[in-house]
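Chains as they are written, first to last, in this note's numbering: chain A, 169 to 281; chain B, 1170 to 1279.
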């Protein structure tokens, strides 16, 4: 199947700093990518839909100024967690593909200390 | 009411047993039904998808959809310890957004 690469796989940052997570589709072009957040022992919660060349669409309750999404090319979307706080610590996962074959990145574990 | 309901388990079975997982959903507009497997600290991996009522088989895995009852199932035959993971059901309309169940943690005991 298609490959979606996510980087970094884990990151620790200090409270108040910003962290950027990259999501790349390696062997296909993705006009749309999705960003999810997953807390321990919970399901994936869709945060936003990233659209190439246009603004991202955020789900209700997700702060667009805190979670900045940029989809500058057909193979790369980035999620920047700005002014991170300990409550932002979570597992962030991106996906790309069709509605019947969504391929997920390996996830990024963010710990804010 | 959540769009997708899934019993989080955990579920523990002996090696060789049949694993039975299921989800219910609330909106009949959902058209596509998927099962993902997720190992600890990894992204989900697509196992199967279906779009019509009935059964779909792929090796040891069988996905079952009953649209009239809004009920989907995944069966794993001859389960192996390597099948130990969290299994998530996911459903979507035709808008690329996936709604996930809570995930069921399965342990297959050797």
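Glycine included, every Cβ here is placed at the ideal spot set by N, Cα and C.
With respect to residue 186 of chain A, residue 273 of chain A sits apart: the two C-beta atoms are not nearer than 8 angstroms. Short of 7 angstroms from the beta carbon of residue 1201 of chain B, and not among the five residues preceding or following it, lie these beta carbons of its own chain, in chain order: 1218, 1220, 1260 and 1261.
When beta bridges are read from the DSSP output, residue 277 of chain A appears opposite A:178 and A:259. For the C-beta of residue 1271 of chain B, the chain A residues within less than 8 angstroms are, from N- to C-terminus, 210 and 211.
C-alpha of residue 243 of chain A to C-alpha of residue 265 of chain A: approximately 11 angstroms in a straight line.
One thing to note: residue 1227 of chain B has its Cβ no nearer than 8 angstroms to the Cβ of residue 1185 of chain B.
Within chain A, not a single residue places a beta-carbon under 8 angstroms from that of residue 1239 of chain B; the smallest gap is close to 18 angstroms. In the DSSP assignment, residue 1245 of chain B falls within the beta strand (DSSP E) that extends over 1240 to 1245. Burial state of residue 1269 of chain B is buried, judged by a 10 Å Cβ sphere holding 16 or more other Cβ atoms.
When Cβ-Cβ separations below 8 angstroms define contact, residue 1211 of chain B makes contact with chain A.
Residue-level contact check: residue 243 of chain A does not touch chain B, since none of the beta carbons of chain B fall below 8 angstroms from its beta carbon. Here residue 170 of chain A really is in contact with residue 193 of chain A; their C-beta atoms are around 7 angstroms apart, less than 8 angstroms. Straight-line spacing of the CA atoms in residue 245 of chain A and residue 1213 of chain B works out to 18 angstroms. Burial check for residue 178 of chain A: the Cβ neighbour count within 10 Å stays below 16, so the residue is exposed. In this structure, the beta-carbon distance from residue 230 of chain A to residue 254 of chain A does not fall below 8 angstroms. When the five nearest sequence neighbours on each side are left out, the beta carbons in the same chain lying within less than 7 angstroms of the beta carbon of residue 1229 of chain B are those of 1245, 1246 and 1247, in order along the chain.
When secondary structure is reduced to three states using DSSP, residue 1213 of chain B falls in the coil class, being assigned neither helix nor strand. According to the DSSP secondary-structure assignment, residue 1227 of chain B is paired through a beta bridge with B:1230.
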